[in-house]
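> Anchor point for the sequence shown: position 28 equals 30 in the numbering used here, and the numbering is continuous, going up by one each time.
C-beta atoms are modelled at their ideal positions from N, C-alpha and C, and glycine is treated no differently.
The model shown is predicted, which means the values in this text are computed figures rather than measured ones.
A single structure is presented below for examination.
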Amino acid sequence: GNPILPDFMVFLNYKELPWFWYGFDHFWFAALMVLAVPGLLAFVFGWFAFRSRVTGVYLSIITQAMTYALLLAFFRNDMGFGGNNGLTDFKDILG
């Protein structure tokens, strides 16, 4: 195995980490991002949805469409997340 790259990136012939993975080898940075990134995305979505006064059925349709779009984005291997079971082989919490 490669000590720097996760297993699924080795299987996909990645030579180095994608730009958005840098910094996540530090536990506290990763723990902060686990809270900050979803919170920021929710804030941005809420800002635009409620600022334009989207309510009712239209809000639920937009929410379902965004959920499906993010599902497709994260489950494909093009983004470097390894699909729905790409993050594997965890030995311990702090890497």
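Is the CB-CB distance between residue 51 and residue 64 below 8 angstroms?
Yes, the pair counts as a contact, with Cβ atoms nearer than the cut-off.
> For residue 21, collect the residues of the same chain with a Cβ closer than 8 angstroms to its Cβ; drop the 5 residues on either side in sequence, then sort them by chain order.
No residues qualify anywhere along the chain.
> Alpha carbons only, please: which of 58, 16, 34, 47 is nearest the one belonging to residue 68?
Taking only the C-alpha atoms, the option nearest residue 68 is 47.
> For residue 56, name the three-state secondary structure that DSSP assigns.
In this structure, residue 56 counts as coil in the three-state DSSP scheme.
> Since residue 26 and residue 32 are thought to touch, with beta carbons under 8 angstroms apart, how far apart are those beta carbons, to the nearest angstrom?
Yes, residue 26 and residue 32 are in contact; Cβ-Cβ is about 5 angstroms, under 8 angstroms.
> May I ask which residues mark the beginning and end of the alpha helix (DSSP H) holding residue 27?
It is not in any alpha helix (DSSP H) - residue 27 carries neither H nor E in the DSSP assignment.
> According to the neighbour-count rule (16 or more other Cβ atoms, all chains shown, within 10 Å of its Cβ), is residue 8 buried or exposed?
Burial call: buried.
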